[in-house]
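Colleague: Those letters in the sequence shown? Residues 7 to 264, by the numbering used here.
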Amino acid sequence: MSASTVPAGAAHAGWFRAILLVARRELGAYFDSSIAYVYLTGFIVLANAVFMNDFFLAGRAEMTAWFESLPLMLAVFLPAVTMRLWAEERKQRTLESLLTLPIVPLQAIAGKYLAALSLHFVFLAGSLPIPVMLVVLGEPDPGLIAGGYLGAILLGGLLIALGMCLSALSGDQIVAFVLSTVIGVFLVLLGDDRVATILDGLVPAFHVGSILRDAISVTPRFEAFVRGLVELGAVAWFILLAAVLLALNALLLERLRA
Numbered sequence: 007m008s009a010s011t012v013p014a015g016a017a018h019a020g021w022f023r024a025i026l027l028v029a030r031r032e033l034g035a036y037f038d039s040s041i042a043y044v045y046l047t048g049f050i051v052l053a054n055a056v057f058m059n060d061f062f063l064a065g066r067a068e069m070t071a072w073f074e075s076l077p078l079m080l081a082v083f084l085p086a087v088t089m090r091l092w093a094e095e096r097k098q099r100t101l102e103s104l105l106t107l108p109i110v111p112l113q114a115i116a117g118k119y120l121a122a123l124s125l126h127f128v129f130l131a132g133s134l135p136i137p138v139m140l141v142v143l144g145e146p147d148p149g150l151i152a153g154g155y156l157g158a159i160l161l162g163g164l165l166i167a168l169g170m171c172l173s174a175l176s177g178d179q180i181v182a183f184v185l186s187t188v189i190g191v192f193l194v195l196l197g198d199d200r201v202a203t204i205l206d207g208l209v210p211a212f213h214v215g216s217i218l219r220d221a222i223s224v225t226p227r228f229e230a231f232v233r234g235l236v237e238l239g240a241v242a243w244f245i246l247l248a249a250v251l252l253a254l255n256a257l258l259l260e261r262l263r264a
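#1: Do the stretch 154-162 and the stretch 206-215 meet, that is, are 3 or more Cβ pairs less than 8 Å apart?
#2: Output the boundary residues of the alpha helix (DSSP H) element that contains residue 265.
#3: Evaluate contact between the stretch 109-124 and the stretch 184-198, counting only Cβ atoms and requiring at least three cross-stretch pairs below 8 Å.
#4: Evaluate residue 221 with the Cβ neighbour count: other Cβ atoms within 10 Å of its Cβ, from every protein chain shown; 16 or more gives buried, anything less gives exposed.
#5: For residue 166 and residue 160, what's the separation of their Cα atoms in angstroms?
#6: So, residue 24 versus residue 91, is the Cβ gap smaller than 9 Å?
#7: Between the C-alpha atoms of residue 172 and residue 145, what's the straight-line distance to the nearest angstrom?
#8: From which residue to which residue does the alpha helix (DSSP H) around residue 222 run?
#9: Note the first and the last residue of the continuous alpha helix (DSSP H) segment covering residue 235.
#10: Roughly how many angstroms separate the alpha carbons of residue 133 and residue 53, rounded to a whole number?
#11: Assign residue 168 to one of two classes, buried (16 or more other C-beta atoms within 10 Å of its C-beta) or exposed (fewer than that).
#12: Can you find the residues in the same chain that come closer than 7 Å, C-beta to C-beta, to residue 236, ignoring five residues on each side of it along the sequence?
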């Protein structure tokens with residue numbers, strides 16, 4: 007049977023099977039090397055410690071303060087997940103063999119992205135005892151909690167796409183981790199009004215800080231989710247920016263393969 011006579015449904019199924027194959031390969035590498043267990047333990051311990059500290063100080067049955075501290079945590083933990091995705095392939099000289107398999111770079115990217123995103127879901131699942139405890143102890147607003155988790159998923163997806171792109175660009179795990187962390191923290195801190203004010207003061211005529219905060223900082227958009235404001239524009243912003251970074255990742259892989 008020629009390629010032109012293969013049913014469209016079968017072709018699509020094969021396309022997605024290749025993505026799942028790469029995703030399973032990456033998840034297996036995470037858990038076989040104990041990387042996932044170390045990251046998961048560290049994130050859960052830190053995340054729950056941050057929440058319990060605020061909970062006992064404020065005494066409120068809500069997760070707002072915890073969600074507000076989440077971007078900085080993710081900006082450090084997720085680069086540790088993504089730094090190896092392409093840099094390790096280049097170090098072990100397995101990138102060429104991966105790209106010569108009957109898959110296209112886009113499938114490899116999607117598979118690795120799915121694996122890292124799945125690990126991010128596991129990170130967030132480790133915090134689920136917090137809302138369970140709040141339900142037992144009080145009456146938290148489920149809309150605020152759901153909005154916060156949705157924002158965390160979108161933010162994580164964006165940071166993963168950024169980390170993957172930098173891993174492909176640098177080719178070194180440590181460099182990829184440092185660059186991803188610095189840029190991720192920068193995108194978070196740009197949303198701080200104090201940082202925006204300082205930057206505005208450096209160039210008063212152009213209001214650089216305010217422009218950067220409104221244009222590229224993840225913080226204002228994420229905090230809208232934390233407040234329960236799920237806006238289509240904010241959802242689209244996270245998804246489209248992640249898609250642009252993944253497309254750039256594909257271009258980098260095409261250059262490496264050439």
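All C-beta atoms in this analysis are idealised placements derived from N, C-alpha and C, irrespective of residue type, glycine included.
Modeller: Straight from the coordinates:
#1: no
#2: One cannot answer for residue 265 here, as it falls past the ends of the chain, which runs 7 to 264.
#3: no
#4: Indexing the sequence shown from 1 puts residue 221 at position 215. Exposed, since its Cβ has fewer than 16 Cβ neighbours within 10 Å.
#5: In the sequence shown, counting from the first residue as 1, residue 166 sits at position 160. In the sequence shown, counting from the first residue as 1, residue 160 sits at position 154. About 10 Å.
#6: If you number the sequence shown from 1, residue 24 lands on position 18. If you number the sequence shown from 1, residue 91 lands on position 85. Not closer than 9 Å, so no.
#7: Within the sequence shown, residue 172 is the residue found at index 166, counting from 1. Within the sequence shown, residue 145 is the residue found at index 139, counting from 1. Roughly 42 Å separates the two Cα atoms.
#8: For the purposes of this step, residue 222 is identified with residue 216 of the sequence shown, where counting begins at 1. Here residue 222 belongs to no alpha helix (DSSP H), and DSSP marks it neither H nor E.
#9: In the sequence shown, residue 235 corresponds to position 229, counting from 1. Residue 235 -> no alpha helix (DSSP H), and no H or E assigned at all.
#10: Numbered from 1 along the sequence shown, position 127 holds the residue referred to as residue 133. Numbered from 1 along the sequence shown, position 47 holds the residue referred to as residue 53. If you take the alpha carbons of residue 133 and residue 53, they lie about 7 Å apart.
#11: Counted from its first residue, the sequence shown places residue 168 at position 162. It is buried - the Cβ of residue 168 has at least 16 other Cβ atoms within 10 Å.
#12: The count along the sequence shown starts at 1 and reaches residue 236 at position 230. Within the same chain, residue 236 has close Cβ partners 153, 156.
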